[in-house]
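Taken in order, the sequence shown gives residues 4 to 385; the numbers are from the working numbering.
As structure tokens, the structure follows; a few thoughts come after it.
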Amino acid sequence: FEIDLENQTPIAQRSELDRWILSLLQNLIAEVDEAYNTYEPTKAARAIQNFVDEHLSNWYIRLSRRRFWKGEMTEDKKAAYETLFTCLMTISQIMSPVAPFFADWLYIRLTEANPDVHTAKSVHLTIWNEVDETLIDYDLNERMELAQNISSMVLSLRKKMGINVRQPLAKVLIPVLDDNFQIKVELVKDLILSETNIKTIDFIKDTAGFIKKKVRPNFKALGAKVGKDMKLVTEVINNITQEELAQFEKEGTILIPDTSYSILLSDVEIIAEDIPGWQVTNLGNLTVALDVTITNELKQEGLSRELINRVQNLRKELNFEVTDRITISLQQDNLIAPAVLANKDYICAEVLANDISFSNELINANKIVIEDVELQILIAKQ
């Protein structure tokens, strides 16, 4: 992909995902610059590593895969490539003091196909990056952080229960801290649902009758703050009511009666109790409750997604082109057949299949395993 400096997609016209990663990139430049100026190269390296691992690779690139995979060069695909190029070029420059050889290798790979972007022959001869304050969007950063945290919490609950991400679940309940919090989550709701394979998010304002929580003192954090009054403070914390805890989570602080101590959320550990049919977890003042009940309809959709996964893997093994249309012949089975019939149109659309049929006499078929059931399957180009 060649970057046309004179014809780049304006930042304001790029997707929210593009604007978010570019906003975080400016924060990274500032953080790394400060670290170098205070002679803390390890801090700079860790900040770069965290950005690449947690945000660029695990979030931006993964969520942009379908944009990169599009056959035609649409404006959206072009913007995705331009955004990724900017991130990688910037990383090559700001990492050069701590990883000089790899930074130069990356810079050369990027500029080989785009010689007009930088005329310098080495990353070490380029002008140092300056923070572009106009690209920083604090509200967008906060919304995306919420999306990442909520998604991570839901996925951790799935892992705890041994529920595969391909298995759809009905809903997540999120207690509302305030109206502004709900608005921010609503703006990234579709992203969260897509990442976690959940049907819907419900917001609840009064958690006292549904989600029960316990508060435990964080003795390590409280030690330096309350000293000899630890016993008094611990007793107050242990006796906080559900209503007081809800207010504590909302305001972020609580006063210990008859003392001058102000306790913060970081001074305690909040533990949500599980509810029958639900799994609950919290991160600071953020709580999610996941409905882990799998109805027959959800189960069938999950089996369909497993079949889609197996078919896609077979397409790769058989060296089919991405655009090749196929037909699928599947061994008759009492578990899989109802799921396929109930979701046939969805399966066909995902794997580019013109038809799915069932037969117990398949010749030269492949074998797949779904839910410990071994099936024969035959896919053919059309």
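Even for Gly, the Cβ is constructed at its ideal location relative to N, Cα and C.
Predicted model, so just to flag it, every value in this text is computed and none were measured.
Cα-Cα separation between residue i and residue j, rounded to whole angstroms
i: N369; j: L381; result: 6 Å
i: I350; j: R308; result: 8 Å
i: A123; j: D7; result: 17 Å
i: D3; j: I32; result: Residue 3 lies beyond the range of the chain shown here (4 to 385); nothing can be said about it.
i: D21; j: A83; result: 7 Å
i: E34; j: P220; result: 32 Å
i: S125; j: N144; result: 32 Å
i: I243; j: T256; result: 13 Å
i: Q16; j: T41; result: 37 Å
i: S265; j: L180; result: 20 Å
i: T86; j: A352; result: 30 Å
i: V191; j: Y63; result: 14 Å
i: N30; j: V134; result: 8 Å
i: S99; j: L128; result: 11 Å
i: D107; j: D294; result: 49 Å
i: N117; j: V325; result: 28 Å
i: L27; j: N285; result: 25 Å
i: L194; j: S67; result: 12 Å
i: N363; j: D336; result: 9 Å
i: I97; j: L149; result: 27 Å
i: P279; j: I214; result: 11 Å
i: L301; j: A383; result: 29 Å
Secondary structure of residue i, DSSP reduced to three states
i: L176; result: strand
i: S360; result: strand
i: P103; result: helix
i: T93; result: helix
i: I111; result: helix
i: V191; result: coil
i: S197; result: helix
i: D336; result: coil
i: V126; result: helix
i: R169; result: coil
i: D205; result: strand
i: V218; result: strand
i: I14; result: helix
i: I186; result: helix
i: I397; result: Given that the chain is displayed from residue 4 to residue 385, the structure contains no residue 397 and the question cannot be resolved.
Limits of the unbroken beta strand (DSSP E) element including residue i
i: N288; result: Counting along the chain, N288 falls outside any beta strand (DSSP E), and DSSP gives it neither H nor E.
i: K1; result: The structure shown does not extend to residue 1, since the chain is modelled only from 4 through 385, so no value can be given for it.
i: K384; result: V376 to K384
i: K370; result: N369 to I373
Residue i versus the options, residue with shortest Cα-Cα distance
i: F88; options: S99, I329, G255 and L59; result: L59
i: N132; options: N117, L143 and T93; result: T93
i: Y141; options: I24, D336, N346 and M98; result: I24
i: A329; options: A356, D182 and N316; result: Here the sequence assigns Ile to residue 329, which means Ala is not the residue at that position. The shortest Cα separation from I329 among A356, D182 and N316 belongs to A356.
i: N367; options: N316, N10, Q379 and L293; result: Q379
i: P260; options: V271, L235 and I273; result: L235
i: K208; options: L196, A227 and Q250; result: Q250
i: F361; options: Q96, P341, A150 and F105; result: P341
i: V376; options: A345, L365 and L338; result: L338
i: V271; options: K223, T296 and Q245; result: K223
i: L333; options: D358, I204, L248 and S197; result: D358
i: R169; options: I311, T45, K163 and W281; result: I311
i: L248; options: L267, M233 and P171; result: L267
Delimiting residues of the alpha helix (DSSP H) encompassing residue i
i: P341; result: I339 to A345
i: T237; result: M233 to N241
i: N53; result: P44 to N53
i: N144; result: Y141 to M164
i: V35; result: E19 to N40
i: W2; result: Lying outside 4 to 385, the shown extent of the chain, residue 2 is not represented and no answer is given.
Please list the segments of the beta strand (DSSP E) lying wholly inside the stretch 245-329, counting only runs of 3 or more residues, in order along the chain.
256-258, 265-267, 271-275, 281-286 and 289-294
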